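Protein chains in written order, with this note's numbering: chain A, 9 to 221; chain B, 9 to 221; chain C, 9 to 221. Cβ coordinates follow ideal geometry from the N, Cα and C atoms, glycine included. Since the structure is predicted, the reported quantities are computational estimates derived from the model, not experimental observations.
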Amino acid sequence: MTMTSATYWLAIIATMAFAVTAVLAIADRGVDIFGVMVLGVMTAVGGGTVRDLILNVQPFWVADLVFIRVAIAASLVAFVARSLFTQPQVFTLMLYLDGLGAALFGIQGAMKTYEMNFGWPLAPVILGIITAIGGGILRDVIAGRKNLLMTTELYAIPVALGCLLLMVGLHFYPQEAVEMLIACTVITFLMRAAAIHWDLKVPAFLVTHSKTG
Amino acid sequence: MTMTSATYWLAIIATMAFAVTAVLAIADRGVDIFGVMVLGVMTAVGGGTVRDLILNVQPFWVADLVFIRVAIAASLVAFVARSLFTQPQVFTLMLYLDGLGAALFGIQGAMKTYEMNFGWPLAPVILGIITAIGGGILRDVIAGRKNLLMTTELYAIPVALGCLLLMVGLHFYPQEAVEMLIACTVITFLMRAAAIHWDLKVPAFLVTHSKTG
Amino acid sequence: MTMTSATYWLAIIATMAFAVTAVLAIADRGVDIFGVMVLGVMTAVGGGTVRDLILNVQPFWVADLVFIRVAIAASLVAFVARSLFTQPQVFTLMLYLDGLGAALFGIQGAMKTYEMNFGWPLAPVILGIITAIGGGILRDVIAGRKNLLMTTELYAIPVALGCLLLMVGLHFYPQEAVEMLIACTVITFLMRAAAIHWDLKVPAFLVTHSKTG
Chain A
9 MTMTSATYWL AIIATMAFAV TAVLAIADRG VDIFGVMVLG VMTAVGGGTV RDLILNVQPF
69 WVADLVFIRV AIAASLVAFV ARSLFTQPQV FTLMLYLDGL GAALFGIQGA MKTYEMNFGW
129 PLAPVILGII TAIGGGILRD VIAGRKNLLM TTELYAIPVA LGCLLLMVGL HFYPQEAVEM
189 LIACTVITFL MRAAAIHWDL KVPAFLVTHS KTG
Chain B
9 MTMTSATYWL AIIATMAFAV TAVLAIADRG VDIFGVMVLG VMTAVGGGTV RDLILNVQPF
69 WVADLVFIRV AIAASLVAFV ARSLFTQPQV FTLMLYLDGL GAALFGIQGA MKTYEMNFGW
129 PLAPVILGII TAIGGGILRD VIAGRKNLLM TTELYAIPVA LGCLLLMVGL HFYPQEAVEM
189 LIACTVITFL MRAAAIHWDL KVPAFLVTHS KTG
Chain C
9 MTMTSATYWL AIIATMAFAV TAVLAIADRG VDIFGVMVLG VMTAVGGGTV RDLILNVQPF
69 WVADLVFIRV AIAASLVAFV ARSLFTQPQV FTLMLYLDGL GAALFGIQGA MKTYEMNFGW
129 PLAPVILGII TAIGGGILRD VIAGRKNLLM TTELYAIPVA LGCLLLMVGL HFYPQEAVEM
189 LIACTVITFL MRAAAIHWDL KVPAFLVTHS KTG
């Protein structure tokens with residue numbers, strides 16, 4: 009299996025995980041099967057779409073509709089088999105796959121921005137973060153849920169650190185892009201996986217004091 | 009009256025209906041006349057604007073500002089004459105005109121996407137849905153209202169089915185685009201009109217169980 | 009100091025003020041330092057980014073990352089020194105600087121749109137308003153706060169009037185663009201400053217009756 013096809017298959021698995029976790033996140037709100045599909049697709053491809061609008065390129069899913077098809081299919085499966093996916097072990101597996109997706113999409117988004125020589129070094133980091141979390145934030149805003157920017161979840165911070173590391177690495181070793189891409193994706197995923205496994209949060213002294221409870 | 013001018017006048021009537029129903033939807037929130045205008049315009053042209061950003065073409069309202077002018081005027085009239093528009097018969101008329109607008113804008117959005125050969129067959133359906141419901145969702149998110157993706161209203165589903173039908177029709181009869189456009193707009197509107205008239209909703213077995221009430 | 013460098017420095021000060029007032033606005037929600045940075049940056053550059061997407065030009069912050077850097081730095085300072093910025097005199101100063109920013113960004117946004125000959129005369133006014141208030145609305149939607157379109161705050165109305173005035177002025181004196189730009193920015197700021205100083209609101213007869221409290 010080549011590097012490209014490995015990335016492609018990982019992206020498909022991650023798209024599936026994004027759609028499934030989206031459906032689980034909104035299932036307690038009384039959403040119909042059409043809303044489930046729309047929000048599943050939006051979560052899976054929304055971040056990359058916003059990134060591509062800012063980069064002024066065609067949204068990545070237009071040329072190859074497989075990401076839309078996978079997101080629709082995964083949303084429908086998750087709708088029908090909600091009780092399966094909420095079982096602890098399956099849910100935990102989905103959380104890790106979702107974390108893999110955030111790492112993969114974030115680092116890929118930063119790399120795409122870097123390769124277009126677009127606002128180095130901050131724009132690749134910003135667009136990497138948007139790629140990873142943009143879809144989930146759109147979903148939560150539309151579903152009326154508290155989104156992850158308003159929690160102390162360690163989700164976006166690993167992505168930000170991974171994208172920053174990628175920019176530093178590419179600055180010093182511009183010829184080693186593939187190795188950097190793999191290393192930063194793995195490191196980002198390991199940070200997120202550690203946060204899931206040990207239930208790590210942003211420490212309280214780095215959080216403003218909530219008056220809304 | 010030619011086909012083009014018929015479509016043009018229908019689009020203007022639909023723009024008016026979108027702005028009026030927007031003002032009625034948010035009137036109970038204590039919004040000032042400026043907010044009413046902004047949310048009326050946003051509801052009327054927001055979906056088409058997002059579609060055009062994704063298609064990477066100039067927003068449709070820039071070349072002909074009549075849609076903005078109509079939306080502003082209709083918003084102001086609806087603000088001043090709220091008590092008129094909330095009378096049952098007038099309100100019902102507005103609901104049907106709004107449904108006509110959703111059918112018209114949705115099918116037109118799908119056709120525009122199809123003619124640009126953009127991500128066939130799923131992108132025309134997706135962008136048709138965005139054209140029809142995008143503005144209303146933007147409005148509801150900004151006004152802090154529950155939006156229609158979170159209800160069991162039969163509003164977006166007729167649009168989605170109509171756009172799908174258009175793609176199937178154009179696949180088999182690519183030379184009959186005008187007939188297909190008219191037929192799918194009528195069918196979409198009839199589905200929506202039936203939902204309004206008989207108060208049809210998505211059946212409960214296709215809705216997740218709400219825990220938030 | 010030339011006109012251009014004066015505008016540049018004013019824009020940097022305004023970017024700082026937008027980020028600081030953003031952090032103060034969301035501080036009571038329990039946001040971590042990363043969320044503070046993201047929402048600070050989004051508030052400062054979000055409106056101009058949406059304007060540039062609609063204009064189909066590269067977002068203004070990509071070519072010169074100083075606006076992102078200033079917004080990040082100001083967000084971090086505001087996070088650390090929240091107790092300083094909430095002192096009445098400092099807070100009032102920030103309110104006025106934020107009003108200066110709204111005037112400056114709004115009028116600049118309208119001028120940029122005018123110079124591209126884009127949808128005159130309504131599009132420059134609409135995009136001027138989006139430039140001034142778009143970032144704040146994005147922030148409030150994501151933070152789950154009531155945004156200024158849903159209040160009777162005199163914030164967007166001065167910007168709208170200033171942009172309208174600019175279009176009227178440029179229509180009659182197209183050669184005096186620089187003078188018009190300065191005059192309309194000053195007038196817009198003075199309207200906003202008067203609203204802050206005398207706590208002016210939209211009068212009740214121009215507001216719909218709220219049933220949600």
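Residues that residue i contacts on chain B, provided the C-beta gap is smaller than 8 Å
i       : result
I145(C) : I150
A111(C) : Per Cβ cutoff of 8 Å: no residues; A111(C) is ~16 Å from chain B at best.
Three-state secondary structure assigned by DSSP to residue i
i       : result
K120(C) : helix
D40(A)  : strand
V210(A) : coil
E161(A) : strand
E187(C) : helix
S13(C)  : helix
W69(A)  : helix
R153(B) : coil
T94(B)  : coil
G127(B) : coil
A89(B)  : coil
P132(C) : helix
Y104(C) : helix
F26(B)  : helix
P166(B) : helix
Cβ-based burial, residue i [other Cβ within 10 Å; buried from 16]
i       : result
K120(B) : buried
R14(C)  : Per the sequence shown, residue 14(C) should be read as Ala rather than Arg. Flag for A14(C) reads exposed.
Q116(B) : buried
N125(A) : exposed
D207(C) : exposed
V186(B) : exposed
D72(B)  : exposed
F180(A) : exposed
T100(C) : exposed
L92(A)  : exposed
A89(B)  : exposed
W69(A)  : buried
A27(A)  : buried
Partners in chain A for residue i, counting only beta-carbon separations shorter than 8 Å
i       : result
V215(B) : G38, V39, D40 and I41
V210(B) : D40, I41 and F42
K154(B) : G152
Contact list for residue i against chain C, beta-carbon separation under 7 Å
i       : result
A35(B)  : T216
I165(A) : F42
L105(A) : Going along chain C, no residue has its Cβ under 7 Å from L105(A), so there is no contact; the nearest lies around 23 Å.
Where the alpha helix (DSSP H) through residue i begins and ends
i       : result
S218(B) : It is not in any alpha helix (DSSP H) - S218(B) carries neither H nor E in the DSSP assignment.
Within chain A, partners of residue i - CB distance below 7 Å
i       : result
T160(B) : D40
A203(B) : Simply none; closest approach about 13 Å.
Interface partners of residue i on chain C, CB under 8 Å
i      : result
L92(A) : None at all; the shortest Cβ gap to chain C is about 32 Å.
Contacts that residue i makes with chain A (C-beta to C-beta distance below 9 Å)
i      : result
L18(B) : Near L18(B) there are no residues of chain A at all, since even the closest Cβ is about 26 Å away, more than 9 Å.
query: Can you list, in chain order, the residues of the region 122 to 143 of chain B whose Cβ is nearer than 7 Å to any Cβ on chain C?
result: none
message: Counting only Cβ-Cβ distances shorter than 8 Å, please list the residues of the region 61 to 90 of chain C near chain A, keeping chain order.
response: L61, N64, Q66, P67, W69, V70, A71, L73, I76, R77, F87 and R90
- prompt: Going along the chain, which residues of the region 46 to 60 of chain C sit with their C-beta nearer than 8 Å to a C-beta in chain A?
  reply: V46, L47, V49 and T57
message: Can you pull out the residues from the region 166 to 177 of chain B whose beta carbon lies closer than 9 Å to at least one beta carbon of chain A?
response: A168
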